[in-house]
Amino acid sequence: MVKIKPTKKIHIGTAQRDILLSAIVSIGLVLAGLYWVKEIEQPRAFDNQIIAITSNIAEHQSRVISTAISTLSARSTSLASSPLFDQAANAGNGESLEKLLKLSFPEAVDAQILRLGKLGIADEDTDTQRLRNNIEVDMLRKALESQALVIEGYQQNQQWLLSFTQPVNDKAALFISFPASYFSDMITILAGSSAHNELIQTYKSRTETILSTGSTRYSNYSQTRPLSIPGWSIVVYPTELEVEKYKADDTLLWLFSLVCIALLACSHSIFFLRSLDQPKPTKKPTAPEETAPIQTVTSTENVPNTENATSTPAATSSHPDYAPPPHPEVEIGYANAGAKHLAAKALPPAECFRAYDIRGDADTQLTDENCYLIARAIASEAIAMGQRKILLGRDGRLSSPRIRDVVLNGFLESGLDVIDIGLVATPMLHFASKELNIGNVVMITGSHNPAKDNGLKIGLDFQALSDGDIQGLYQRIIDRDFAEGQGKLELETIEQRYIDRICGDVVIAQTLKVVIDASNGATSNIAAPLFEELGCDVIPINCEIDGRFPNHPPDPTIEANLQQLREAVLREGADIGIAFDGDGDRLAVVSGKGECPRADRLLMILAEDVVSRNPGCEILFDIKSTRSLPEMILALGGKPTMWKCGHSFMKRKLAETGALLGGEYSGHIFFNERWYGFDDGMYTAARLLESLSLAGRTLDDALAAHPARPSTPEIIIPVEESRKFAIVDAFAKQQHFSEAEVIDIDGVRLETRSGWALLRASNTGPALSLRFEADSDAALDALRSSVKEVLARIDPAAADSL
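Under the numbering used here, the sequence shown has 742 at position 742, and the numbering climbs by one with no breaks.
Listed below in structure tokens is the structure:
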């Protein structure tokens, strides 16, 4: 007879009940969290994200349309107020004026010169019969009463129009009409497939759609912004495609929840089973067979294998596979294990990291290895700022293609997507940044430096990097603090869009003969076609890209480099000569008589034009500029602001203050009126020609109105990099100009009654920078001697060079 062993009973005690309860509560919390995220937080975040995106698009679209309207207004007012128009109107030459008006506004559907009688709109000699409806007649009445520009939007023959009326004088008024579709391409390009746009007009309780662009709209998230035209506004709807793109994928959320539930279930099961096997207090000794299972429950025999199994993937994930670098020495950028060890052996020279860019000898300092490290640092900084794309351009130097390839690799292998726009001038890269709405740019250029040099100009999140930012990149290289990933490459061209944008903004009212010297730099392929399309008779010299710069160095601020241009202007009988530096962000000019004005005098001519049309506006200029400039701005009713040297500093100050124009003695000029606030030699030259042609004067006439004071050019004295700031500090303490006003925003500028002196540390090299200006030659010599005397006590060698 077989004896059956009784089955062991499982006793559920307090501990087991607590564990089960804990498991139920924990899993319930996970499920509650899942419900809260999926049904409450996700929809709320999704709504906020779509609203924020749509709001940003709406703000941008309204600004663009308002800017376009302001630009058309400024062009109309500028043309109406030009002496050329006034003279022709007085002479009754309406036919030629109307022809010029249509040439100036090719995008208009109607451009007329209306003859005015002495009694205004009531006079039978007034050309009211040429107007199409009562709205246009009323516009003319308002314009004559206010003697100012009047803008209205209305519908005529089933077509929406935007019209401008502006009196020229008491004998004529201009009347220009643009189709509402003029804005169609503008807002479509900006928003692409992301938004459905509607221009609407509201009159009392009636609303009409003027223009509609984009695909099927998603009406739940519409955003409305008013425009500068009475009754007009823009409504932006996200498209269904855009909304779907931002809908969250729940896969990860469900997976995470299931993993949490599984972990909770497993852990609580283990605790539950262990609690069952714990010895219970009893009066009888425990049977041997009941203790056996306890010996196997806590076995950890497989734990080491589990740890090994989980540690291997973790180690692999921190070192993903990478394609081999293009140059063997670049391998230090990939291996985290060796980066710290090699840091001391693989650092770019610190002197290349300057105040607002990175620049050095292309062969010995900007080697492949160093450029790769710099690119990794830039990309990592961009990614840390939440950026994902960067624009890349290069100039025509012989070393630029090599550096481009290495920098491109560094960007891509850091996980940054790159849009390469090829060989362009620096301002064209900034234009692409604004047009494509990508705030990160790197331009490979040596600017005006000798052919053996090269460098990188950098902007992140629509801000040019300056001294602290540049040093931050260097520290990132020291620390090997690099992002990892794999970016994508796109190719883009911008040339024709750049030309079209300038030609759509600038009107040159006369055919001018212009000699253009591109210095064999990056503007060689673009400058001549641009000015030909603007209507100029162009004579190009040195307009073939050649990175050796065989004809002269690419620095037009040195007068010797303008000799070839001056000779061409005089030989050809040209109205003006224009020279650009190696990357096109600076310019110099030569007048018809061969005068080569410095950039601060050129800025006076441009500031006179801008301030006269925008009373009270702010104009920036650098600390090296003439005293005549702020005096003139104040006399015209503007606000002059002096600032430190350097295009990065100037761009940031321009954005901070909203100034309409800024400029540096070095030839960097920044238009914030009708343009984007960056330094652009070609656009500046176009605005100069527009100003001169509309005023009916030559460059020599304009310069004669702003005579130069006795002054020196910028004087550069080489000193050791480590001593230049100490010399400036010592000079500030030891100078003995008791009655002078001291301006210390950038070095020391001493303003006396008879002139001023400047001593500062150069931003671009181991040197001191000095300049002097005075009311007379004698005062200039005395000022220079006094500064030399103080400098001799600090650094006799530097004083000898002065």
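We put the beta carbon where it would ideally sit given N, CA and C, even for glycine.
All values derive from a computational prediction rather than experimental measurement.
{"Item": "Three-way DSSP call (helix, strand, coil) for A173 in this model", "Value": "strand"}
{"Item": "Ranges of the beta strand (DSSP E) found wholly within the region 72–158, counting only runs of at least 3", "Value": "110–115, 150–156"}
{"Item": "Whether I545 touches G662 by CB criterion (8 Å)", "Value": "no"}
{"Item": "Inter-residue CB distance, A172 and L116 (contact presumed, cutoff 8 Å)", "Value": "6 Å"}
{"Item": "Rounded Cβ spacing between T213 and N197 (contact assumed at less than 8 Å)", "Value": "5 Å"}
{"Item": "Candidates A518, H552, D680: closest to I539 by CA position", "Value": "A518"}
{"Item": "Backbone secondary structure at K340 - three-state DSSP", "Value": "Confidence is the limiting factor: at K340 the pLDDT is only 38, short of 50, which leaves the residue's position unreliable, though a coordinate-based value still follows. Three-state result, K340: helix."}
{"Item": "Sheet register partners of G804 (DSSP bridge)", "Value": "Residue 804 lies beyond the residue range present for the chain, which begins at 1 and ends at 802; the question has no answer from this structure."}
{"Item": "Closest residue to T367 among R394, D417, G455, M443 (Cα-Cα distance)", "Value": "G455"}
{"Item": "Length of the line joining the Cα atoms of Q496 and R376", "Value": "32 Å"}
{"Item": "For N197, the three-state DSSP class (helix, strand or coil)", "Value": "strand"}
{"Item": "Buried versus exposed call for I374 [16 or more other C-beta atoms within 10 Å across all chains shown]", "Value": "buried"}
{"Item": "V790 and A761 closer than 8 Å at C-beta", "Value": "no"}
{"Item": "Spatial distance of E490 from I390 (CA atoms)", "Value": "10 Å"}
{"Item": "Spatial distance of A343 from I478 (CA atoms)", "Value": "Confidence is the limiting factor: at A343 the pLDDT is only 41, short of 50, which leaves the residue's position unreliable, though a coordinate-based value still follows. Cα-Cα distance, rounded: 6 Å."}
{"Item": "Among L119, N90, A574, the one whose alpha carbon lies nearest that of I113", "Value": "N90"}
{"Item": "Span of the alpha helix (DSSP H), counted from its first residue to its last, around P427", "Value": "426–436"}
{"Item": "Close Cβ partners of D537 (< 8 Å) along its chain, the five nearest in sequence each way excluded", "Value": "T511, L512, K513, V514"}
{"Item": "Reference Q223; option with closest CA among L131, A74, A58, A346", "Value": "A58"}
{"Item": "Terminal residues of the beta strand (DSSP E) in which R497 lies", "Value": "Premise fails: R497 lies in the alpha helix (DSSP H), 495–503, not in any beta strand (DSSP E)."}
{"Item": "Cut-off 6 Å between Cβ atoms - residues of its own chain near A522, not counting five sequence neighbours on either side", "Value": "D395, G396, A425, D583, G584"}
{"Item": "Contact check, L264 vs A23, beta carbons under 8 Å", "Value": "yes"}
{"Item": "Top-ranked residue by Cα proximity to D555, from S55, W756, G667", "Value": "G667"}
{"Item": "Residues of its chain near I508, where Cβ-Cβ distance is below 7 Å and the 5 sequence neighbours each way are ignored", "Value": "L534, G535, C536, L689, E690, S693"}
{"Item": "Spatial neighbours of K593 in its chain, beta-carbon cut-off 6 Å, leaving aside the 5 residues before and after", "Value": "D700"}
{"Item": "For W36, the three-state DSSP class (helix, strand or coil)", "Value": "helix"}
{"Item": "Under 8 Å between C-beta atoms of A599 and E664", "Value": "yes"}
{"Item": "Alpha-carbon spacing of A782 relative to L79, whole angstroms", "Value": "47 Å"}
{"Item": "Three or more C-beta pairs below 8 Å linking the region 634–645 and the region 615–625", "Value": "yes"}
{"Item": "Reduced DSSP secondary structure (H/G/I, E/B, other) of S163", "Value": "strand"}
{"Item": "Alpha-carbon spacing of L429 relative to I502, whole angstroms", "Value": "15 Å"}
{"Item": "Residues near F353 by beta carbon distance below 8 Å, same chain, minus five either side", "Value": "I470, Q471, L473, Y474"}
{"Item": "Buried versus exposed call for A797 [16 or more other C-beta atoms within 10 Å across all chains shown]", "Value": "exposed"}
{"Item": "Beta-carbon contacts of A464 that lie in its chain and below 6 Å, excluding the five residues immediately before and after", "Value": "S648, K651"}
{"Item": "Of the residues S399, K457, E608, the one placed nearest R548, counting alpha carbons only", "Value": "S399"}
{"Item": "Short Cβ contact (8 Å threshold) for A74 with I176", "Value": "no"}
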